[in-house]
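Numbering (full-length UniProt numbering), first residue to last: 1 to 145.
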């Protein structure tokens, strides 16, 4: 684990299993789960398993292992969702809706309508559709780090 989980932090609570989340990856380094307000369906958030607020707060020795998980999730989103690519991004403080480091991995396809940094949000039809997207990413995930 990168650090201590902070009770009351939404992302720490999801990583700990104390709050529901459609988890696609969970290990000692990171947790990854579907964003509840996705840019596109299959949008995954990858968070350190331990409370870290910004990229600057991530211990240097944890950066490599953490970003290996981000890389694996990006590959899984492309493979599992048959996406042409991904948009991978993070915010530091500004526009960071939850004060816990999180990397967005968004499935992309040509002419999908995403332009610049305007991120329109979509909704899943229901819980079954959310779980279907999570299962597809989970099944494509290579966890050999």
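Ideal placement from N, C-alpha and C gives every residue a C-beta, glycine not left out.
Just so it is clear, the structure is predicted and the values come from calculations on it, not from any experiment.
Going by DSSP, residue 136 is part of the alpha helix (DSSP H) stretching over 127-140. Taken through DSSP and simplified to helix, strand or coil, residue 34 comes out as strand.
Distance from the Cα of residue 92 is smallest, within the candidate group 100, 25, 85, for 100. Among the bridge pairs identified by DSSP, residue 86 is matched with 107. Nearest to residue 88 by C-alpha distance, out of 62, 126, 47, 61, is 47.
Counting C-beta pairs closer than 8 Å gives fewer than three between the stretch 56-67 and the stretch 12-22, which falls short of the contact rule.
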